[in-house]
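Chains as they are written, first to last, in my numbering: chain C, 1 to 271; chain V, 1001 to 1270; chain Y, 2001 to 2263. Glycine included, C-beta positions come from ideal geometry on N, C-alpha and C. Structure first, then comments.
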Amino acid sequence: MPVIHANGQPLWRQRTPRAVLLAWLGWFAVVALLALSWQFISERTIWIFVTDAPRQGADLLSRMVPPDWAYTGTLWRPLWDTLNIATLGTLLALVVATPLAFLAARNTTPAIPGLRAVALLVIVSSRSINSLIWALLLVMILGPGVLAGIIAIALRSIGFIGKLLYEAIEESDAKPVEAIVATGASPAQMRLYAIVPQIMPAFAGISVYRWDINIREATILGLVGAGGIGLELMASVNVLAWGRVSMIFLLILATVLASEWVSARVRAAVT
Amino acid sequence: MSLGLLRIEGLSKRYGKDALALDDVSFSLDAGEVIALIGPSGAGKSTLIRCINRLVEPTAGRIWLGDTELTSLDRRSLRQARRRIGMIFQEFALVERLSVMENLLSGRLGYVGFWRAALRRFPQADIERAFDLLDQVELGAMVDRRADALSGGQRQRVGIARALMQTPDLLLVDEPTASLDPRTSRQIMRLITRLCGERGLPAIINIHDVPLARRYCQRVIGLRSGRIVYDGPATALDDAVLTEIYGAEDWDTGTAQAEASDDDVAVTEA
Amino acid sequence: MSVRVWHRPPMIADPRLRWGLSLAVLVYLFLAVGSLEVNWQRVAEGLERGAAFAAALFTPDFSSRGADILEGFLESLAMTFVSTTIGLLLAVPVAVGAARNLSPLPVYLICRGFIAISRSFQEIIIAILFVAMLGFGPLAGVATLAFASIGFIAKLLAEDIEAMDPKPLEAIRATGGSATQTLHWGVMPVVLPRLVGVSMYRLDINFRESAIIGIVGAGGIGATLNTAFDRYEYDTAAAILLLIIAIVLLSEYVSGFIRGRLR
């Protein structure tokens, strides 16, 4: 916060004039961008529908309450599928992501030029694409069903788990590594004895954390045909059976809360 | 010149474009000889020790262990040579989340395959040896205790036992007492020198505590700015030599007190 | 002397619990894998399509549906900006309400409840409801993303406010500052840098989400992508996916840069 000398008088200002000008320009740009964006959206909106929204909302709510309790019976199987998509998908991702993380970590990547870059590229691509998009792709390739869901979850999780795991490997203490190397151990044995024990808590924590996220994601994969409770959701929405929809919402909420609880318990236990 | 067990000739090390960390260092070590390597921080003590088992690659010079020229080995032969060189570290460098026994067995990794190591199926002889060594460092009751549950002195004794698990021909010891209190430091130094004496095992002990060096080692090498400035008996280590190594200082204070110590402190501790 | 044996102590000491858990895991895996209904013939057919798509990744087609792609991305970006701004503006009062050290209990509970609901449901589920209320189009998407952003930003912000050092607040109250003055001089300077960081992060998330909520009709590039897949236009789909990855990476880099500068 500068003090400006003008007419022999020290003047205190929060910023210099140049900074003030830049700040104003910045704000102007943001506001202009927002106005443009809003105009763009507004042009593509049918405002008649929007003015009708409160009535539509109230109507929707009245149809959703009470939930269709009897519908629960047909939901157990999709729920079981959802659980399997999340769990098997996470396991599959762990199998792929663990070696990948060792290739991507600076301190464990083998001295083969370009290998680390490839591993990082795989991690980045996997992370950038939402599991729902992976599911779209896989449903097209493999056909609708649970298998597409499992692989979609796995493809998205590989990048997530791989990134967190390789960061954990890079943060591991170098002293035991040096000590194990000094005994004449092979590079593979060094990783096994000096690195693996150090990253075990992180590994367990990351796995359960991702499993928890995957439960949430698995509930919606059905929207594009990749199995699980989302299939029922899409079917109910398509026939405007809002009582069923709210029932599915309740079940999803309960499942998500339960998996969050399990994940929090396990993570508290391993750290 | 006697052909010692370990011979170092013209060893130099330069990190990047910095000044030389080691500058034309030569000396040799006979069987059963335990020497102290002293010098101020940054004199190159750690670098020297790590050049011997090539945790740090030397820039120039040659090192022989017996008939093996360590400096010319390929990766595979280097691993085999490293099995013959035990190393003890300043901050113990144990694998904290493994048990005491697993830390000891890690000293045998150079002799077993990947899967045996992964499944912890070591040869019975290794297990026997580990139990014997645990008794010798008085940690017999701690077999399955995790390393991070031990005190500093106990951890360093695990570190010593791990190095001896290798049945080494040479022991490299890097500041074994720097992380320990004075009493434990003396116990550890006594233990190391005693175990070396029993085995006729030569050792280079890198240490900044001059009184300890003088007390437990017969021969001392003084290093300053990467050069050897003193190599001789510990008894000849007088104020003039210390000033040569460390620069001017009043060397009387503190040493007298340390000399007047009891040798009967038990190795065991709380 | 007898032979001294050593085995690694098992992770779970109680053998019954150990074997029980192992058995339970095995049974679960058996049942889970057993209940997979895979149409292997369809999968085999699909491999060809998969190969075609993989090949398309190297020959992306940006031009034949260029107008649709441009429209979709502009819509996604517009939705991202507007929804993040609305979310940010509304999140601040909700965050203050959800901070126990600033708000009375009833307000606190209402705000916390709102945050919990907003965070429990995936964006796409919320999008279904907003599409039903507001009709198809980007406005439903903006409402969805804004709703999700409020919960996200407010939760992180409320935690920051609660973790604040209470002494400066007391000092401002002691000088006779009003409640708004307390917020302006005591709370804002502390949470503002964090607020900018969280908003950048959320901007990133909102863009990624804007790429999928189009699947249920809430506007953005997701609708274009869905159409491309439905028509088996691999080259166009590949182009869209590559653009999404590029924009996500770019925004991650920029937001990382800005957050780094703020620290």
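- When the beta-carbon positions are compared, ILE1205/V and PRO1233/V stay at least 8 Å from each other.
- Ranked by Cα distance from GLY2214/Y, the options PRO2093/Y, ARG2008/Y, GLU2162/Y and GLU2075/Y are led by GLU2075/Y.
- For the pair ARG2202/Y and GLY2087/Y, the CB atoms are nearer than the 8 Å cut-off.
- Boundaries around TRP1064/V are those of the beta strand (DSSP E), 1060-1065, since no alpha helix (DSSP H) includes it.
- Against PRO2010/Y, chain V offers no close residue; the least beta-carbon distance is about 11 Å (beta-carbon pairs closer than 9 Å).
- One finds nothing in chain Y with a Cβ atom closer than 7 Å to the Cβ of TRP211/C; even the nearest lies about 13 Å away.
- As computed with DSSP, ALA1203/V is found in a beta bridge with VAL1034/V and LEU1171/V.
- Residues are counted here when their Cβ sits less than 7 Å from a Cβ of chain V; for the region 182-200 of chain C these are ALA182, THR183, GLY184, ALA185, SER186, ALA188, GLN189, LEU192, TYR193, ALA194, PRO197, GLN198 and MET200, given in chain order.
- Nearest in C-alpha terms to VAL2038/Y, of all of LEU164/C, VAL139/C and ALA70/C, is VAL139/C.
- Counting C-beta atoms within 10 angstroms of its own C-beta, ALA1240/V has fewer than 16 neighbours from the protein chains shown and is therefore classed as exposed.
- Taking 8 Å as the upper bound on Cβ-Cβ separation, chain Y lies near no residue of the region 104-117 of chain C.
- Taking TYR193/C as the centre and dropping the five residues before and after it, the same chain places the C-beta of ILE180 closer than 6 Å to its C-beta, in chain order.
- DSSP, reduced to helix, strand and coil, places PRO66/C outside both helices and strands of the structure shown, so it counts as coil.
- As for any alpha helix (DSSP H) of minimum length 4 sitting wholly inside the region 1059-1128 of chain V, the runs are 1075-1082, 1100-1105 and 1114-1119, ordered along the chain.
- Rounded to whole angstroms, THR16/C and THR2080/Y show a C-alpha spacing of 33 Å.
- With contacts defined by Cβ atoms closer than 8 Å, ASP212/C and SER259/C form a contacting pair.
- Proximity of the region 1025-1036 of chain V to the region 1197-1216 of chain V meets the contact definition, three or more beta-carbon pairs being nearer than 8 Å.
- The alpha carbon of ALA2143/Y has as its nearest neighbour, out of ILE2125/Y, THR2059/Y, GLY2050/Y and TRP2019/Y, the alpha carbon of ILE2125/Y.
- If you check the CB distance, ILE2150/Y and ALA2091/Y come in under 8 Å.
- Listed along chain Y, the residues sitting closer than 7 Å to TRP38/C by beta-carbon distance are VAL2082.
- In this structure, the alpha-carbon of ALA1178/V lies about 11 Å from that of MET1189/V.
- For GLY243/C, the enclosing alpha helix (DSSP H) covers residues 242-270.
- Here the alpha carbons of LEU1223/V and TYR1246/V stand approximately 9 Å from one another.
- The Cβ-Cβ distance between ARG1145/V and PHE1122/V does not fall below 8 Å.
- The C-beta of ASN238/C comes no closer than 8 Å to any C-beta of chain Y.
- Not flagged as an interface residue toward chain C: ILE2172/Y, since no C-beta distance is shorter than 8 Å.
- Going by beta carbons, ALA117/C and GLY162/C fall outside the 8 Å limit.
- When 9 Å is used as the limit between beta carbons, ARG1120/V is near these residues of chain Y: TRP2006, HIS2007 and ARG2008, in chain order.
- The C-beta of GLN1124/V comes closer than 8 Å to at least one C-beta of chain Y.
- Taking the Cα of ALA2171/Y as reference, the smallest distance to any Cα among LEU2156/Y, VAL2187/Y and ILE2205/Y is reached at VAL2187/Y.
- Close to GLU170/C, with beta-carbon spacing below 7 Å, lies no residue of chain V; the smallest spacing is near 17 Å.
- Taking 4 residues as the minimum length, the alpha helix (DSSP H) runs contained wholly in the region 151-187 of chain C are 174-182, in order along the chain.
- Within the same chain, Cβ atoms closer than 6 Å to the Cβ of LEU1201/V are found at LEU1171, the five residues on either side in sequence being excluded.
- Close to chain Y, meaning a Cβ-Cβ distance shorter than 8 Å, are the following residues of the region 1071-1104 of chain V: SER1099, MET1101 and GLU1102.
- Proximity of PHE2053/Y to chain C, defined by a Cβ-Cβ separation below 8 Å, is satisfied.
- Between the C-alpha atoms of ALA93/C and GLY159/C there is a straight-line separation of about 9 Å.
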